[in-house]
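Asker: Heads up: the protein sequence lines correspond to chains A and B, in order. Per full-length UniProt numbering, the very first residue in the first sequence carries number 1; after that it's consecutive. Per full-length UniProt numbering, the very first residue in the second sequence carries number 1; after that it's consecutive. Glycine included, each C-beta is placed from N, C-alpha and C at the ideal position.
2 protein chains.
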Amino acid sequence: MKETQLLKGILEGCVLSIIKEQRIYGYELVQTMRNYGFTTIVGGTIYPLLQKLEKQGLITSSELTSPDGPNRKYFFITTEGEQQLEDFKDQWSSLIVKVNRILEKNGE
Amino acid sequence: MKETQLLKGILEGCVLSIIKEQRIYGYELVQTMRNYGFTTIVGGTIYPLLQKLEKQGLITSSELTSPDGPNRKYFFITTEGEQQLEDFKDQWSSLIVKVNRILEKNGE
DNA sequence: TTAAACTAGTTTGTTTTACAAACTAGTTGT
DNA sequence: ACAACTAGTTTGTAAAACAAACTAGTTTAA
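#1: Nearest by alpha-carbon distance to B/L53: which of B/I19, B/M33, B/S94, B/Q91 is it?
#2: Does the stretch 88–100 of chain B touch the stretch 41–51 of chain B, meaning 3 or more C-beta pairs lie closer than 8 Å?
#3: Answer with buried or exposed for B/V15, where buried requires no fewer than 16 other C-beta atoms within 10 angstroms of its C-beta.
#4: Could you work out which residue in B/L6, B/Q83, B/G81 is closest to A/T40 when comparing CA atoms only?
#5: Could you tell me whether any Cβ in chain A is nearer than 8 Å to the Cβ of B/I24?
#6: Taking the beta carbon of A/V97 as the centre, do at least 16 other beta carbons fall within 10 Å, making it buried, or is it exposed?
#7: Look up A/F75 in the DSSP assignment and say whether it is helix, strand or coil.
#8: Taking Cβ to Cβ, would you say B/K8 is nearer than 8 Å to A/K8?
#9: Should B/F75 go down as buried or exposed, given a rule of 16 or more other Cβ atoms within 10 Å for buried?
#10: Across which residues does DSSP place B/I24 in a beta bridge pair?
#11: Does the beta carbon of B/F76 come closer than 8 Å to any beta carbon on chain A?
#12: Under the rule that 16 or more other beta-carbon atoms within 10 Å means buried, what is A/T32, buried or exposed?
#13: Measuring alpha carbon to alpha carbon, tell me which residue in B/G13, B/S17, B/I24 is nearest B/E63.
#14: Output yes if chain B places a C-beta closer than 8 Å to the C-beta of residue 110 of chain A; else output no.
#15: Check whether chain A comes within 8 Å of B/S62, counting only Cβ atoms and requiring the distance to be less than that.
#16: For B/K52, which residues in chain A fall below 7 Å Cβ to Cβ?
#17: Just grab the DSSP bridge partners of B/S93 for me.
#18: Could you please give the first and the last residue of the uninterrupted beta strand (DSSP E) stretch that includes A/L53?
#19: Please state whether the Cβ-Cβ distance between A/T78 and A/I59 is less than 8 Å.
#20: Looking only at its own chain, which residues have a Cβ that is under 8 Å from the Cβ of B/I10, when we skip the five neighbours before and after it?
#21: So with Cβ pairs under 8 Å, would you call B/L58 a contact of chain A?
#22: Taking all protein chains shown into account, decide if A/R34 is buried (16 or more other Cβ within 10 angstroms of its Cβ) or exposed.
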């Protein structure tokens, strides 16, 4: 991911991190993101993002039946995805430093 | 600014903060952003952003002659712009908390 | 003196993000 | 049978950020 795309693509890193940490399907991921404070996140944002990540080979999926409704598509992170996540974490840390350096001049 | 737009609009907050803290013109702002670590920022990103902010009434401008080249357009933050900057700072803090809460589950 | 390099800002077109909104379809409860 | 919930897809749109090309003034060096 290019450094500048990070400004837009923060959701991507969050999704990769959640998928790495737990076996999860799309609908549940939307609820999880909302619980983490992204209260306005909707399926129309997450599902296309999951499709993009899978196409890029950063995650894989397998469909399993649900006891409560239609089939669930579970996602799993790949080795490439884990590498991408590490890159994201580095760039996220460095973004915080840069932005805070700019903002701190103000708050004093 | 909507919470979700923050994911894209981080540059906007940085630009407002820099303009508040110093009398600056567009070309100089590009250099300043680069010095702060946004090394790939170019005029094609900053100038349209400045035009948008001025149209929204968050900054004003006045053109002054330069000793070194064409006229410079200096920018100044408005009261509305300062309010917007405070909003941005609040949302930026809360974004850091949310994203870090997601990522920290991973790093352990 | 003219051409390169630098300063300063604008404009056009493109890709990508994120979203709203509408949709299909299965299951549960009333 | 109908609403509410679960689960995922698709279409169209607005905005962000950028690349690239452009105009135009000034300075420096060949």
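Answerer: Concretely, from the data shown:
#1: B/I19
#2: Between the stretch 41–51 of chain B and the stretch 88–100 of chain B there are fewer than three inter-stretch CB-CB distances shorter than 8 Å, so the stretches are not counted as touching.
#3: buried
#4: B/L6
#5: no
#6: If you draw a 10 Å sphere on the C-beta of A/V97, you find fewer than 16 other C-beta atoms in it, and that means exposed.
#7: strand
#8: yes
#9: buried
#10: B/F75
#11: Chain A contact via Cβ: absent.
#12: buried
#13: B/I24
#14: Residue numbering for chain A in the displayed model covers 1 to 108; residue 110 of chain A lies beyond these limits and cannot be assessed.
#15: For B/S62, the answer is no, since every Cβ of chain A falls outside 8 Å of its Cβ.
#16: Those do not exist, as B/K52 stays about 15 Å from chain A at its closest Cβ, beyond 7 Å.
#17: DSSP lists no partner for B/S93.
#18: Where A/L53 is concerned, there is no enclosing beta strand (DSSP E), although the alpha helix (DSSP H) it sits in stretches over 43–55.
#19: yes
#20: W92
#21: B/L58 has a beta carbon lying at 8 Å or more from every beta carbon in chain A.
#22: By the C-beta density criterion, A/R34 is exposed, having fewer than 16 other C-beta atoms within 10 angstroms.
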